[in-house]
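Protein chains in written order, with the working numbering: chain X, 1 to 259; chain F, 260 to 580.
Virtual Cβ for every residue (Gly too), placed ideally from N, Cα, C.
Worksheet for the structure shown next.
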Amino acid sequence: MRSLMTARVAAVLVGGMLAVSLATAAPKIPRLKSGKPDFSGIWETTSAAEYDLEPHSGRADAPPSAGVIDGKTIPYLPAALEQKKKNFAARSTEDPRLKCWTLGTPRGIYYREPFQIFQRDRDLTLLFQFGHSVRTIHTNGTLHPEVTDNEFYLGDSRGRWEGDTLVVDVTDFNTETWLDRAGNFHGPKLHVVERWKFLDENTLEYRATLEDPEVFSRPWTLRVHLNRHREKDFQLIENYCFTLGYDKFYPVPQQGTHE
Amino acid sequence: MMAHRMKTRWLVTVATVAAVLAGTQAHGQQPPPGAGIQREKSVPKLESGKWTGKRLADGQPDVEGHWSNTIANHNNWTDPQGGVPGDPNPRATPKTQRSERAPSRVSDPPDGELPFQPWARAVQQEYLQYFHNPTKEQYVEPLARCAPAGVPKSFTWHGYEIRQFPGYVVFLFNSGTRVVHLDGKPHLPENIKLWNADSRGRWEGNTLIVDVTNNNAKARLARTGEFFSENARIEERYIFNSDGTRYNYVATITDPTVFTRPWTATIPARRFTLEDEPDGWHYEVALANQPAGKPPLIERYERICVENNGPFGNVAVLGAK
């Protein structure tokens, strides 16, 4: 009788301690030898962000979504808002995605095709299935290039660690990319600050704060989750979709079909 | 003084890289003959064996960094320094005898020729005949439209970077990116065909051995039109020397639908480091912007082709009208 009682007390005590430690402990996450979080893996969002970052009802080319922006809508300056409306009206022909052009930062992150992160101490290599383009996030203490006329599709990315959060400063953009299929856009002075962190070992929270004094009235933030692909033998399959237009010119020669 | 000179040199490089990226210079524009693409005339012997050099934490031989072939570009597969036969530019005609130039990239058969079946030889000759006057779209090399150069042409097209990660070797080419999987997973289903094919590799000593399937076989081997089919199986052996300065790419191509026998390609490559001058072809890098006092570090900018496809691709594509 007494020993049963002791066991019960012990069980309650252990249970209580477990609950406390679960509530306060950081999630168990993969780490590099250096101790930094290891984001290596194949990731993809399940959100509808890429259809339209802002809240919207369902329409022929987008499922409904409550949006992914803190404060719901993008704070465009008046002239930029007009441009956004034009982009929206022309989205079925003007979206750079339709040419399979590199989607840019941040759009490539929440596009609905997987991307893979390869990580070393000095950098993260992001390989996007769509277009198979590569972005490097440097985490070796280097700074943005001194030259100021670089114009990159994916921007120049320099990361640093704030605890277990990877904070990436991205600059040096061109204006060839959109932010989603709804025509949301940016200008050449776009500056993105990303915050990447694990929610659990298979889920990342990705936040991006965008500022562009020529397009937005203030900085604004979007937030999506990224899920790890865990299917057996899952791999990226290069999608050089920009080659599809001329694919027909290059049938592989076969005996008997020549001439 | 030395440091100052170096910095100036690098700034010039950065400016050049930026100009290329901004589209003010042709993508893949070739320096005039003799400007440095064609460097060596022989292939050093490298044997498979023990790796005694540096290793990465996961045990792979450390071959990370910047590399390029030492012989020539993809103008001509079997006479790599011979230019493209029929080139209307008189400057492109080689001034040397064949014996004075680098050997064929076909290291077996010993005659340096691909063992084409007769119909396939005719297809190759037809492509070459129209290369300089592409009267049909199919005679424009896909690379001129920014298609990936594929396997194995990527190894003769500009310098490239190798990055290694647990379970992977990744090639960042000038045109295209290729991932070699080291984890033994099965190949993709065979009806999936890819510009860079599907690669499964393993290290044996100093040699990376890669089994290559799922090739869409559209890239051709060179401007001279050599090709294989979607049925090709390629076994690649990347044989590194232990000081990590060179490797030979040795690939055996088996494709009974096109060739009379398997044949072997050999492409020598060497490493480029901070000691090398960036040259806009073999070695296209920038000096990282570092806080004061840090040692110099090179890095690679983004390579985006089709979106910047101004002069080079358009010239070729427009020429195909």
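Quick one: which chain F residues come within Cβ less than 7 Å of residue i?
i: D233/X; result: K444 and P445
i: E113/X; result: Those within 7 Å of E113/X in chain F number zero; the least Cβ separation is about 15 Å.
Determine the DSSP secondary structure at residue i, reduced to helix, strand or coil.
i: V565/F; result: helix
i: Q254/X; result: coil
i: G484/F; result: coil
i: S157/X; result: strand
i: L210/X; result: strand
i: F88/X; result: helix
i: Y233/F; result: The structure shown does not extend to residue 233/F, since chain F spans only 260 to 580, so no value can be given for it.
i: A62/X; result: strand
i: G342/F; result: coil
i: K197/X; result: strand
i: D321/F; result: coil
i: F430/F; result: strand
i: G552/F; result: coil
i: F414/F; result: helix
i: E151/X; result: coil
i: Q397/F; result: helix
i: G287/F; result: With a pLDDT of 39 at G287/F, under the threshold of 50, the modelled position of this residue cannot be trusted, and the question is left open.
i: E205/X; result: strand
i: Q83/X; result: helix
i: E162/X; result: strand
i: T122/X; result: Correcting the residue identity first, residue 122/X is Arg in this sequence and not Thr. Reduced to three states, the DSSP call for R122/X is coil.
i: T93/X; result: helix
i: Y542/F; result: coil
i: G282/F; result: Here the model assigns G282/F a pLDDT of 33, short of 50, so the residue's position is not dependable and the matter cannot be decided.
i: F242/X; result: helix
i: L447/F; result: coil
Which residues mark the beginning and the end of the alpha helix (DSSP H) in which residue i is found?
i: Q384/F; result: P377 to F390
In chain F, which residues lie with their C-beta within 8 Å of the C-beta of residue i?
i: G141/X; result: Q549, P550 and K553
i: K33/X; result: A316
i: R120/X; result: R422 and F424
On the DSSP letters alone, give me the boundaries of the beta strand (DSSP E) that residue i sits inside.
i: R110/X; result: Residue identity differs from the one stated: residue 110/X is Tyr in this sequence, not Arg. Segment R107 to Y110 is the alpha helix (DSSP H) holding Y110/X; no beta strand (DSSP E) there.
i: S217/X; result: Per DSSP, S217/X belongs to no beta strand (DSSP E) and is neither H nor E.
i: V170/X; result: T165 to T171
i: W266/X; result: This structure cannot speak to residue 266/X, because chain X is shown only from 1 to 259.
i: T472/F; result: T466 to T472
i: E494/F; result: R492 to F499
i: W522/F; result: W522 to F531
i: H440/F; result: T436 to H440
i: G460/F; result: D457 to E463
i: A601/F; result: A query on residue 601/F cannot be resolved here, the shown segment of chain F reaching from 260 to 580 and no further.
i: I29/X; result: First-last for I29/X: undefined, no H or E at that position.
i: D367/F; result: V365 to D367
i: H138/X; result: V134 to H138
Whole-angstrom Cβ separation of residue i and residue j, contact assumed at under 8 Å?
i: L124/X; j: I137/X; result: 4 Å
i: G484/F; j: N455/F; result: Contact flag wrong, Cβ pair sits at about 20 Å.
i: W43/X; j: N227/X; result: 7 Å
i: V134/X; j: V170/X; result: With a Cβ gap of about 15 Å, V134/X and V170/X do not count as contacting.
i: A351/F; j: Q340/F; result: About 11 Å separates the two Cβ atoms, so there is no contact after all.
i: G159/X; j: D172/X; result: Wrong, their Cβ atoms sit about 15 Å apart, outside the cutoff.
i: R223/X; j: E194/X; result: Contact flag wrong, Cβ pair sits at about 11 Å.
i: T221/X; j: T209/X; result: 5 Å
i: F128/X; j: Y427/F; result: At roughly 16 Å, the Cβ-Cβ gap does not stay under 8 Å, so F128/X and Y427/F are not in contact.
i: Q235/X; j: H440/F; result: 7 Å
Since residue i meets chain X, which of its residues come closer than 9 Å, beta carbon to beta carbon?
i: F390/F; result: Simply none; closest approach about 14 Å.
i: H325/F; result: Under the 9 Å cutoff, chain X gives no residues; its nearest Cβ is about 14 Å from H325/F.
i: G435/F; result: H132, E238 and Y240
i: N450/F; result: In chain order: nothing, as chain X lies at least about 12 Å away.
i: E359/F; result: Those within 9 Å of E359/F in chain X number zero; the least Cβ separation is about 33 Å.
i: L387/F; result: Under the 9 Å cutoff, chain X gives no residues; its nearest Cβ is about 13 Å from L387/F.
Say the cut is 7 Å; is the CB of residue i nearer than that to a heavy atom of the ligand GTP?
i: A208/X; result: Inclusion of the ligand GTP in the displayed structure is not the case, the ligand content being empty and no account of it being possible.
Quick one: which chain X residues come within Cβ less than 7 Å of residue i?
i: Q397/F; result: F249 and Y250
i: K477/F; result: Y250 and V252
i: I563/F; result: T102, S133 and Y153
i: L431/F; result: V134
Give the residues of chain F in contact with residue i, contact being defined as C-beta atoms less than 9 Å apart.
i: W196/X; result: Per Cβ cutoff of 9 Å: no residues; W196/X is ~18 Å from chain F at best.
Show which residues of chain X have a CB atom less than 8 Å away from the CB atom of residue i.
i: V428/F; result: Those do not exist, as V428/F stays about 10 Å from chain X at its closest Cβ, beyond 8 Å.
Three or more beta-carbon pairs under 8 Å between the stretch 72-91 of chain X and the stretch 104-117 of chain X, yes or no? no
Pairs of beta-carbons, one from the stretch 307-319 of chain F and one from the stretch 394-404 of chain F, closer than 8 Å: are there three or more? no
Determine, using beta-carbon pairs with one atom in the stretch 320-329 of chain F and one in the stretch 406-422 of chain F, whether at least three such pairs fall under 8 Å. yes
Can you confirm whether the stretch 47-56 of chain X touches the stretch 134-150 of chain X when touching is taken to mean that 3 or more C-beta pairs between the two stretches lie within less than 8 Å? no
For the 8 Å Cβ check, are there 3 or more pairs between the stretch 231-245 of chain X and the stretch 97-105 of chain X? yes
The stretch 408-418 of chain F in contact with the stretch 469-485 of chain F per 3-pair CB rule at 8 Å: yes
How about the stretch 493-509 of chain F and the stretch 352-360 of chain F: do they share at least three Cβ pairs that are nearer than 8 Å? no
Please determine if the stretch 489-500 of chain F and the stretch 462-475 of chain F are in contact, where contact requires at least 3 C-beta pairs separated by less than 8 Å. yes
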